Amino acid sequence: MKTTPRVLNKLMNQQSLFLCLDFGSQSVRAAIIDEMGAIVLVEHLENLNYLNPYQWQVEQTPQWFYQQSVICCQNLMTKAKADNVDLSNLKSVGITTMRNTLINLDREGIPLRNAIVWSDKRKASIIPKLPWYWRLGFSLASIVKPVNKTIKELQQSAFINYIAEHEPKVWQNTEHLLLLSAYLHYRFTNNFIDSSANIISHLPFNFKHGQWHKSNSWQFNALAVKADWLPKLVAPGAEIGQLSKGCQNDFKLPKSIPLIAMAADKACEMLGSGCYKSGQLHISLGTAVSITMLSNKFKGPKTFYPAYPYLIKGLYITEVMLPFGLALLSEFIKQNKAQLDFLSLNKLKHRSTEQLIEIYVQANNITADGLEFDMERITNITQFSNGFVGLKEHSVFQQYVAIMDAIVCGINLAIISLTKRLRQPVKDIVISGGGANSTRLLQAIVKKSQCNVLKAEAKEAGTLGVAIELAVSCGIYDNHPQAIKAMLKPSITIKQNDI
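The numbering of the sequence shown is numbering that gives the first Met the number 0, which starts it at 0 and goes up by one.
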């Protein structure tokens, strides 16, 4: 019988440990996870704050992102020391980050301006002019499909085009143009390297082949980017480099370990939820709601929109995002706090407000009673009241139910759109994120979609996804399905017949 690396580790009585980081929009998470998927220790930094120089602009200093990573890891190492965790068994480190957060560095690697965060809404008004032959080709194509309109929207949304227009000195002095993932790789290892599964941004990236476009492509011409600004790309699972001595000391690690290339946050969350085969559909119920289908077809959610690379070679992510997601419910609770305070006075006060509302709604059989909520009628979550259609004397609970029903309808429309676009039936619907704790929400999705739902048991899906990739990359497991089977608990199935 063949002795696998995993069996050898067991024989040597050494449990491999992995340092896993997840830098999201609202929190930083650092965890030590073992080769069986057990979370040995975890540390969170919650409610991150950003800078808003003008309305709809979201920025932060690049150094701040590194500082938050350091604080989180230092706190984790303090816990590890107190719990006598043997950190000599740490094998490698990986980090997954939020997408489309852009950082300009000079020749010495010094930031030239604040990072522009993905949620920023600024637009470029003066955009690069394409060569005449591209303009002619796209004009002819626009007779059939709105190609010119789509390309113009892409150019206007590209942060680097805004910088070239409004901050020419920053643009002229740029020598390195990095996403947050590559910036943190640089701060961790001194190497300008990123993962090909991290480039989900308005950059000249070939999503199908996982590499930068050639400099004569229309994508390069459409963006104010120079080819030598961009980092080297490696596949997920490849080594970025050893942690530098400075980073090792900042993290309070007993030794330097290799940093391994990962993928963007949603991809790692999917892997940590058990998604590894074509036809699986994943729903992330968080501040933002994403509905994502894994497929072996390279096909975006609509014409001229790309699919994204996954951690597993040959698979792509086709994604639909709801514009506001569960942030709508959080904002609704915030603005109606006075009317909901009585819920916390009972013996269930240890529950969250969302859970208390759900219990109250179920106990009193509350429905929306004809009230509807239209997502298209709102431009930001603070003005959610504009979304109500037919609002009369409806209670705060009926309004809450109407918003939740609208979110479920949006999810179902996305599922229909993805299956139709990819011409592929759904094999499984896997759900993760904070909203997965809502029984009512899960049951509503099952009822609306007419599909069984698997609730991922992973509470730290993002960091678990990182751990799975690290375990495969170092040879403990031969492949991702094997690692998922060993490292994740079985999902809870919610069937149509159970509702």
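All C-beta atoms, glycine included, are put in the ideal place defined by N, C-alpha and C. It should be emphasised that the depicted structure is a prediction, and the values quoted were computed from it without experimental measurement.
Helix, strand or coil at residue i [DSSP, three-state]
i           : result
residue 102 : strand
residue 176 : strand
residue 83  : coil
residue 523 : Outside the displayed range of the chain (0 to 498) lies residue 523, so it cannot be described from this structure.
residue 317 : strand
residue 237 : coil
residue 19  : strand
residue 121 : coil
residue 194 : strand
residue 109 : coil
residue 496 : helix
residue 26  : strand
residue 487 : coil
residue 59  : strand
residue 505 : Given a span of 0 to 498 for the chain in the structure shown, any question on residue 505 remains unanswerable.
residue 9   : At residue 9 the pLDDT is 43, less than 50, meaning the model places this residue with poor confidence; the figure from the coordinates comes in the next sentence. It is helical.
residue 413 : helix
residue 31  : strand
residue 311 : coil
residue 126 : coil
residue 50  : strand
residue 232 : strand
residue 1   : Because the pLDDT at residue 1 is just 42, under 50, the model does not fix this residue reliably, and the value given afterwards should be weighed accordingly. Coil.
Outcome for residue i when other beta-carbon atoms lying within 10 angstroms are tallied against a minimum of 16
i           : result
residue 173 : buried
residue 119 : buried
residue 197 : buried
residue 264 : buried
residue 64  : buried
residue 113 : buried
residue 392 : exposed
residue 9   : At residue 9, the pLDDT of 43 sits below 50, so the modelled position is not reliable and the matter cannot be decided from this model.
residue 195 : buried
residue 483 : buried
residue 81  : exposed
residue 135 : exposed
residue 487 : buried
residue 375 : exposed
residue 387 : buried
residue 492 : exposed
residue 557 : Since the first residue of the chain shown is 0 and the last is 498, residue 557 is not available in this structure.
Residue j beta carbon less than 8 Å from that of residue i
i           : j           : result
residue 191 : residue 230 : yes
residue 321 : residue 406 : yes
residue 290 : residue 430 : no
residue 448 : residue 414 : yes
residue 252 : residue 177 : no
residue 54  : residue 286 : no
residue 432 : residue 328 : no
residue 181 : residue 209 : no
residue 49  : residue 62  : no
residue 115 : residue 164 : no
residue 183 : residue 96  : yes
residue 454 : residue 440 : no
residue 256 : residue 242 : yes
residue 57  : residue 44  : no
residue 421 : residue 294 : yes
residue 154 : residue 221 : yes
residue 272 : residue 314 : no
Limits of the alpha helix (DSSP H) - the one that residue i falls within
i           : result
residue 163 : 158-165
residue 269 : 264-271
residue 138 : 131-140
residue 332 : 326-334
beta-carbon residue i near the ligand PLP non-hydrogen atom, thresh 7 Å
i           : result
residue 409 : Looking at this structure, you won't find the ligand PLP or any other ligand, since it has none at all.
Limits of the unbroken beta strand (DSSP E) element including residue i
i           : result
residue 289 : 288-294
residue 91  : 89-96
residue 279 : 279-284
residue 253 : Counting along the chain, residue 253 falls outside any beta strand (DSSP E), and DSSP gives it neither H nor E.
residue 257 : 257-259
residue 45  : 38-45
Chain C contact for residue i (CB, 8 Å cutoff)
i           : result
residue 493 : This model lacks chain C altogether; it includes just one protein chain.
Which parts of the stretch 422-485 are runs of the beta strand (DSSP E), unbroken and 3 residues or longer, counting only runs that do not cross its ends? 427-431 and 452-454
Please go through the stretch 336-411 and give each complete alpha helix (DSSP H) segment of 4 or more residues, from N-terminal end onward. With a minimum length of 4 residues, the continuous alpha helix (DSSP H) runs that stay inside the stretch 336-411 are 336-339 and 352-362.
Can you list the alpha helix (DSSP H) stretches of 4 or more residues lying completely in the stretch 182-230, in chain order? 217-221
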